[in-house]
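Q:
Numbering (the working numbering), first residue to last: 23 to 398.
1. Does DSSP put residue 104 in a helix, in a strand, or in coil?
2. Which residue or residues does DSSP assign as beta-bridge partners of residue 131?
3. Check the C-beta distance from residue 329 over to residue 281 and give it rounded, since I have them as a contact under 8 Å.
4. Tell me the DSSP secondary structure of residue 249 in three-state form.
5. Short of 6 Å in beta carbon distance, which residues of its chain neighbour residue 213, apart from the five on each side in sequence? Order them along the chain.
6. Among all the DSSP beta bridges, which residues are the ones paired with residue 219?
7. Indicate whether the contact test is met: 3 or more Cβ pairs, each with one atom in the segment 51-71 and one in the segment 191-204, closer than 8 Å.
8. Taking just the CA atoms, how far does residue 163 sit from residue 148?
9. Look at the Cβ atom of residue 312, then the Cβ atom of residue 353, and state whether they are nearer than 7 Å.
10. Going by the CB atoms, is the gap between residue 106 and residue 183 shorter than 7 Å?
11. Name the DSSP beta bridge partners of residue 231, please?
12. Is it the case that the Cβ atoms of residue 10 and residue 141 are separated by a distance below 7 Å?
13. Along the chain, where does the alpha helix (DSSP H) that runs through residue 362 open and close?
14. Enumerate in chain order the residues of its own chain whose CB-to-CB distance from residue 82 is below 8 Å, with the five nearest sequence positions on each side excluded.
15. Could you check how far apart the C-beta atoms of residue 129 and residue 191 are, in whole angstroms? I think they sit under 8 Å.
16. Taking only three categories from DSSP, how would you classify residue 374?
17. To the nearest angstrom, how far is it from the Cα of residue 252 to the Cα of residue 92?
18. Indicate whether residue 32 and residue 127 have their beta-carbon atoms separated by less than 7 Å.
19. Would you mind sorting residue 165 into buried or exposed? The rule is 16 or more other CB atoms within 10 Å of its CB.
20. Below 8 Å on the Cβ atoms is my guess for residue 15 versus residue 383; work out the distance and round it to an integer in Å.
21. Note down, in chain order, each residue of its chain lying with its Cβ closer than 6 Å to the Cβ of residue 299, except the 5 sequence neighbours on either side.
22. For residue 59, I'd like the list of residues in its chain whose CB is within less than 7 Å of its CB, leaving aside the five on either flank, ordered along the chain.
23. Any idea what DSSP makes of residue 146, helix, strand or coil?
24. Could you tell me which residues DSSP pairs with residue 166 in its beta bridges?
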């Protein structure tokens with residue numbers, strides 16, 4: 023599938039998953055394609071102590087215990103709820119878990135204010151219903167129902183964005199493991215066709231944005247049917263640097279870009295985000311902090327913007343000026359509040375650091391100032 027913009031994890035890493043499956047001799051729960059140990063290895067990468075013939079690259083960067091608890095939860099009767107700030111890798115972890123366990127990460131419901139119970143259970147093909155009446159053939163199963171029928175992992179993105187009555191449709195699915203279809207006849211030849219039972223291996227991974235707390239809080243009944251795994255914002259410089267490098271290399275390969283990204287500029291980006299986070303933590307009000315969550319994902323977005331700009335309009339090497347322009351342009355979402363915050367940061371932190379350390383910081387300062395002047 024080289025002609026798709028973004029292949030799902032089970033296709034992108036198909037060869038690696040096939041190899042892991044071929045050497046996997048550990049017990050597997052239900053219909054899992056890989057054992058829990060191999061699922062963890064696929065996500066977190068291999069180590070020398072594993073004694074494998076080939077290296078397995080790390081794909082998700084975070085605490086090992088988060089991955090292990092997620093895997094254990096999916097082997098139980100409960101659903102898994104990943105909670106965290108935007109950009110903490112919740113969806114990516116959910117995709118990797120689904121790909122490793124059932125080789126299908128695309129059975130996804132996207133939670134929004136417009137999500138209905140039909141998106142979770144089933145709908146009807148109106149033309150077939152008019153022609154032949156309601157039947158299993160004229161029913162359109164939701165991704166969750168399809169996961170139940172296949173014994174696979176179903177995903178529900180941004181669960182708290184959907185309304186409470188829609189959320190509660192999951193309660194019976196998670197507890198009873200079946201969906202009733204009352205529109206179908208339950209007697210005669212069609213007996214049993216009005217219930218869709220979940221096959222072994224079925225579970226649900228939901229994600230929730232911690233910044234959406236209070237939008238549509240989960241009911242106590244639904245909370246009891248999920249195990250919660252809280253994914254914190256990555257603040258460790260080393261871990262964050264690994265994530266940014268991993269995503270940058272992936273970006274360059276995807277776009278077939280041959281462009282040099284100096285390690286010193288990655289350090290400038292990391293330190294800038296650390297500075298802005300510290301400033302946001304010390305701010306007395308929302309007006310004194312950037313609207314951006316300053317997550318690792320946003321950091322990757324800033325770098326992606328700078329890399330693409332350098333490739334198409336620059337000198338095929340990333341410069342501090344371009345990086346600063348991307349940082350301000352990507353994260354300044356309110357005018358004039360965010361621009362004032364950036365201006366204060368440049369004068370209070372970057373300018374003295376440039377005089378003290380030199381390096382890329384003076385050029386970074388000029389690029390930031392010019393972008394602010396353009397946007398003001």
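Here a beta-carbon is modelled for each residue, glycine too, at the ideal position from N, C-alpha and C.
A: By the coordinates alone:
1. In this structure, DSSP gives residue 104 an extended state, which the three-state scheme calls strand.
2. Residue 131 pairs with 178.
3. That belief holds up - the Cβ atoms of residue 329 and residue 281 are roughly 6 Å apart, short of 8 Å.
4. Under the three-state reduction of DSSP, residue 249 is assigned to strand.
5. Bear in mind that a pLDDT of 49 at residue 213, under 50, signals an unreliable position, so the model cannot answer this.
6. Paired residue(s): 200.
7. Contact between the segment 51-71 and the segment 191-204 is not established, with fewer than three Cβ pairs separated by less than 8 Å.
8. In a straight line, the C-alpha of residue 148 is about 14 Å away from that of residue 163.
9. Taking 7 Å as the Cβ cut-off, residue 312 and residue 353 qualify as a contacting pair.
10. No, the pair does not count as a contact, with Cβ atoms beyond the cut-off.
11. Paired residues: 106.
12. Nothing in the structure corresponds to residue 10, since the chain is present only between 23 and 398.
13. Per DSSP, the continuous alpha helix (DSSP H) segment holding residue 362 begins and ends at 359-367.
14. Close CB contacts of residue 82 within its chain, under the 8 Å cut and outside five residues either way in sequence, are with 65, 66, 89, 111, 114, 115, 118 (chain order).
15. Between residue 129 and residue 191 a beta carbon distance of about 16 Å is seen, past the 8 Å cut, so the two are scored as non-contacting.
16. Three-state result, residue 374: helix.
17. A straight-line Cα-Cα distance of about 10 Å links residue 252 and residue 92.
18. It is a contact, given that the beta carbons lie within the stated cut-off.
19. The Cβ neighbour count for residue 165, taken over all protein chains shown within 10 Å, is at least 16; the residue is labelled buried.
20. There is no way to answer for residue 15, as the model of the chain reaches only from 23 to 398.
21. Around residue 299: 316.
22. Non-local beta-carbon contacts of residue 59 in its own chain, meaning distances under 7 Å to residues more than five positions away in sequence, involve 48 in chain order.
23. Three-state DSSP puts residue 146 in a strand.
24. BP columns for residue 166 are empty, so no partner.
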